[in-house]
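**Q** My structure is below; once you've seen it, I'll send some questions.
Numbering (my numbering), first residue to last: 36 to 95.
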């Protein structure tokens, strides 16, 4: 299994990972979550996915 830690990925690989999570259809039409905004710090190499998910779960 490939590591998705910042130290093990390039910015382009991180973008591609998030792109895979963005729905191609309108399945999240009623959802206010923008995955690009949510994972911006991960893409930029500032915070790991786990940190972002934990903050989201805590309501930050």
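For each residue, glycine too, the CB sits at the ideal point set by N, CA and C.
These numbers were taken from a predicted model, which means no experiment stands behind them.
In three-state terms, what does DSSP make of residue 48?
**A** Residue 48: helix per DSSP, three-state reduction.
**Q** Just the Cα atoms here: how many angstroms apart are residue 93 and residue 86?
**A** Going by the C-alpha atoms only, they are around 11 angstroms apart.
**Q** Taking the alpha carbon of residue 49 as the reference point, which residue from 79, 90, 89 has its own alpha carbon closest?
**A** When each option's Cα is compared against that of residue 49, the closest is 79.
**Q** Does the separation of the CB atoms of residue 74 and residue 53 fall below 8 angstroms?
**A** Against a cut-off of 8 angstroms, the Cβ pair of residue 53 and residue 74 comes out as a contact.
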